[in-house]
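Reading the first sequence from the start, the letters are residues -9 to 833 in my numbering. Worksheet: one structure, shown below.
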Amino acid sequence: MAKEKALLLDATYFDTNGESRISLFVGKENEYQWICDKTFRPYLYVLTGKEEIQKTTTELKNFTFGDFEKFNVLSVTETKMQVNGKIALKVEFKRVTHLVQARKLLSELGFEKYEYDVPYSKRYLLDKRLQPGNWVEFDVLGEEEIKGEVIETTSKEKTFTSGEEEEENAAGIVGKTKLIQNITPLDGEFEGRAIAFDLETKVGKKFAIGAEPILMVSFVADDLGQKHTKYEKVISYNTTKVPGLELVDSEKEIIDEINTELNNPKNGYIVTYNGDNFDFAYTKDRARKLKVDFKVNGFEPKIVRKGMDNATRLQGIQHIDSFQIIKFLQRTGAINAVKLDIESVSEKVFGVYKEKVFPKEITEAWESGDKKQLERLVDYNLKDSQTALRIAKEFLPLFVEISKLTSQTLYETTRNSTSQMVEDLLMKEAHLREIIAPNKPKENQVQERTANPIKGAFVKEPIAGLHEAIAVLDFASLYPSIIISHNISPDTLNCSHPECKEKNSSPDGTWFCTKEKGLFSEILGRLIKQRLILKKEYKRKKKEEGIDDKILFAKQWALKIILNSAYGYLGYPRARWYSRECASAITAFARGYIQETIAKAENSGFKVLYGDTDSNFLQMGNKTKKDVEDFTEKVNKELPEGMELEIDGFYKRGIFVTKKEGGAAKKRYALMDEKGNLKIVGFEYVRRDWCLLARETQKKVIELVLKEGNPTEAAKFVQGVIKELKEGKVAKKDLVIMTLLQRDIKDYDSIGPHVAAAEKAIKRGKELGVGSMLSFIVTKGKEKASISDKAELEEYVEEGNYDAEYYLENQVLPAVIKIMAELGYSREDLLHGGKQTGLSAWS
DNA sequence: TAATTCGCTAGACCGA
DNA sequence: TCGGTCTAGCGAA
């Protein structure tokens, strides 16, 4: 038996000789192979009473399953695990299809079953704690001939091209595979060749996948490890030869090139930008129409439903869709972009301007063969692939770390939700501790949980007005630290010890064990400690060695994502480990801590201006920074271990405003730090559904007020804006209001301006749907027309056609009036420049 | 198949 | 035409 090491890329299974076998795609130094582990069977758990273990075992063993093909279970084993005092029996099957058929029948027979819906290859990765994207070590037993069909790793997946369902892929790997066993995770360096590709296609009357020919394709390859082996290529046909462009004879040959490039045996990863929905489906469809094969690594790319989206899965080789990466970063707040097209992302993430070439221009350039236009198109096509690859290169280290934590492939982690990541981690840790995972909730349970929301954070109403010298304190990782300090976990909830109830009760009335660590709290405790060490080391390296260690950064970042999602997961109705009591206790503790801190601050002579969830805004008055530090230290001494109040910063000035309905507005304020940097929170300035004119005017006003202390100048500035507005001089781009179409047009009860604009655009033939970002303008329109009547998508509006009255009354004025009001300026003062006061008015 | 709740504001909608 | 209520979107934490 020989030991081998390799980088693990994929886990799937093949049915060979009537049994399902785990197959892993592994490699090193850009050479890959499939290895097969025959020692691991699909399984589920069935519960039985302590007295009936033998009886149930025999019953299960003797039962004949199957509609057509009859089969028995492979084995039934008693485990040490229990659920509600019942014993879990591990039931193994020969094939995945057997498990799928049997689990239906088991329910009908009245058995309680667990972990019956964990996909086989996922199960394998979790149980073995393997880390795709990292290395593995295994024993090689020998080689075996395989004659198998591939079955997807999840049972619900269906293949289709342009919406039509196809037969299940019957392709297989035929040949020899290494048989292995005793696989274990191993630390090693992330490596591998990645190739990005991007298609340019012809536009027809109506867009549909595969409707028109592919016109051009670009490839960019590079090594994700240390080596740099850059390779670039752009190919077209039936057009002019320009620098950087290779010509072939036909579209068919384009597909040949795609086949050749994607099947370079050195490829470990194929990168696209929205290849999940476009490039693969398109190539697949064109290949079918042209009657040529399109396979990657021996298999047709498989388009599967993943949530509300499509995903394109390849066998072995990892398809990394950089668009999915970007969407994940947007969801977790790492980036905040209005549009997620590759041009905006290039600008936002890398600060690199990328020119957009529109579909019509693409077709035109190709058809005309105009050299200038074509060169522009070649450059555009190439940059698409370059940018997609750059995104993958930049962020894959993060997903490799997530893959290590959750034991999922990069294909999965780059597409998973944070709740899925938390759940994968919990499944893995639960298995290690011999804990059976709770079942996924049934739809009625989800409904019930949803209908019963958890009380959240405490927000203190601010004191409106302009304030000087503000100290902002906040709790470090408040929710995770509460989980850890109070040992909050579904398995420590309301334990039987009276002293735990005495010592560790939440303000909510629930209590948590103080004697044994819970699943949640233990894992989170470990993660938070690791993160602290990693952060420290990252900072040290940066400071002492001048090295920006991206791997260290990615490691702590992955932990941060998981830590921050833990509370949300507990309150997520679809979670296996959903716990209303736990989530509720966390927020109850949090409300308690923040309110206590506010009270302590007031007792120490601070005026508390505001507080939200985990933060505290103190007016310093006569107090010094040292006083704030002393106060923080005092609070920390009284906090349980693991919790910490930190000083976020000191601010020279800040403003809170009154609401329209009276009272001070929460979640909106502006601060200026000691260096003069502004922090604008919640105001229109940070909201994309306000036009740029209103937002920029507001920013300028805040600047003049906070920095210069000059409301007179601010008023003058606003008057200038109003003048331009009334004179019709404001550019279209400053008046665009952006809103996301969150549902299908027909599902709206209330037709707001953006929906009305979308409706009109659809009538003109524009394709819009859920997820479309709408940019609209309120045009002059007819008198007495509603705002919706006057709303039109930007692209249909001429420069200068805008409703000045609307933009004055509903955009610019509302954005600044509340701020100016705090300085004693009325609407009239603003419009006509009446008041001439300086700082004296408010100081 | 989607992490949570709190909060603000606009504009449609609807009945008096 | 007015004012209250509801729908919708987005941001803070």
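Virtual Cβ for every residue (Gly too), placed ideally from N, Cα, C. This one's a predicted model, so the numbers in the text were calculated from it and none came from an experiment.
Check, Outcome
"Using 10 angstroms around the beta-carbon of Thr54, count the other beta-carbons present and answer buried if the total reaches 16, otherwise exposed.", "exposed"
"Going by DSSP in three states, Ser475 sits in which element: helix, strand or coil?", "helix"
"In the DSSP assignment, find the beta strand (DSSP E) that holds Gln305 and state where it starts and stops.", "Taken as a continuous stretch (DSSP letters only), Gln305 belongs to no beta strand (DSSP E), as it is neither H nor E."
"Using only the alpha-carbon positions, how far apart do Lys597 and Gly611 sit?", "8 Å"
"Do Ser765 and Ile741 have their C-beta atoms within less than 8 Å of each other?", "no"
"According to DSSP, is Ile453 helix, strand or coil?", "coil"
"Can you look up Tyr797 in the DSSP assignment and give me helix, strand or coil?", "helix"
"How would you write the range of the alpha helix (DSSP H) that Lys780 sits in, first residue to last?", "Ile777 to Lys780"
"Just to confirm, does Ile77 get its C-beta within under 7 Å of one of the non-hydrogen atoms of the ligand NAD?", "You won't find the ligand NAD in this model; it holds no ligand whatsoever."
"Assuming the contact rule is C-beta atoms closer than 8 Å, Glu784 and Val726 should be a hit. Round their C-beta distance to whole Å, please.", "5 Å"
"Based on Cα-Cα distance, which residue from Gly601, Ala591 and Gly499 lies nearest to Ala575?", "Gly499"
"Within the continuous alpha helix (DSSP H) that includes Leu319, where are the two ends?", "Ser312 to Arg321"
"With Val462 and Phe607 assumed to form a contact (beta carbons below 8 Å), what rounded beta-carbon distance in angstroms separates them?", "6 Å"
"So within the region 231 to 309, which uninterrupted alpha helix (DSSP H) runs reach at least 4 residues, ignoring any that extend past its ends?", "241 to 252 and 269 to 279"
"Would a C-beta distance cut-off of 8 Å place Thr67 and Lys80 closer than the cut-off?", "yes"
"By Cβ distance below 6 Å, which residues in the same chain neighbour Asp266 in space, the five residues on each side in sequence not counted?", "Asn300, Ala301, Thr302 and Asp311"
"Which residue from Tyr738, Lys196, Lys118 and Lys770 puts its Cα closest to that of Val760?", "Tyr738"
"Answer with buried or exposed for Thr404, where buried requires no fewer than 16 other C-beta atoms within 10 angstroms of its C-beta.", "buried"
"Leaving out five residues on either side along the sequence, give the residues of the same chain with a beta carbon under 7 Å from the beta carbon of Tyr227.", "Leu237, Val238, Asp239, Ser240, Glu241, Glu243 and Ile244"
"Could you check whether the region 649 to 665 touches the region 450 to 458, counting it as contact only if at least three pairs of C-beta atoms, one from each stretch, sit closer than 8 Å?", "yes"
"Assuming Leu304 contacts Ile260 (C-beta within less than 8 Å), just tell me the rounded distance between them.", "7 Å"
"Could you tell me the distance, in whole angstroms, from the CA atom of Lys274 to the CA atom of Phe30?", "34 Å"
"Could you check which residue in Phe268, Gly755, Gln732 and Tyr600 has the C-alpha nearest to that of Ala201?", "Phe268"
"I'd like the list of long-range same chain contacts for Glu789, defined as Cβ closer than 6 Å, with 5 residues on each side in sequence excluded.", "Lys722"
"Along the chain, where does the beta strand (DSSP E) that runs through Val671 open and close?", "Leu668 to Val671"
"At 3 residues or longer, and completely inside the region 620 to 654: list those beta strand (DSSP E) runs for me, N to C.", "635 to 646"
"With a cut-off of 8 Å, do at least 3 Cβ pairs link the region 38 to 47 to the region 179 to 194?", "no"
"Exposed or buried, what is Leu683 when buried is set at 16 or more other beta-carbons lying within 10 Å of its beta-carbon?", "buried"
"Rounded to the nearest angstrom, how far is the Cβ of Ile513 from that of Leu415, given a contact under 8 Å?", "7 Å"
"Is the separation between the beta-carbon of Val676 and that of Val802 shorter than 8 Å?", "no"
"Work out the CA separation of Lys418 and Trp842 for me, nearest whole Å.", "As shown, the chain starts at -9 and ends at 833. That puts residue 842 outside it, with no answer to give."
"Going by DSSP, what residues sit across from Ala461 in a beta bridge?", "Leu608 and Phe640"
"Entirely within the region 726 to 781 and at least 4 residues each: give me those alpha helix (DSSP H) ranges in chain order.", "743 to 753 and 777 to 780"
"Just the Cα atoms here: how many angstroms apart are Asn7 and Leu252?", "30 Å"
"Give a yes or no on whether the C-beta atoms belonging to Leu553 and Ile588 are separated by under 8 Å.", "no"
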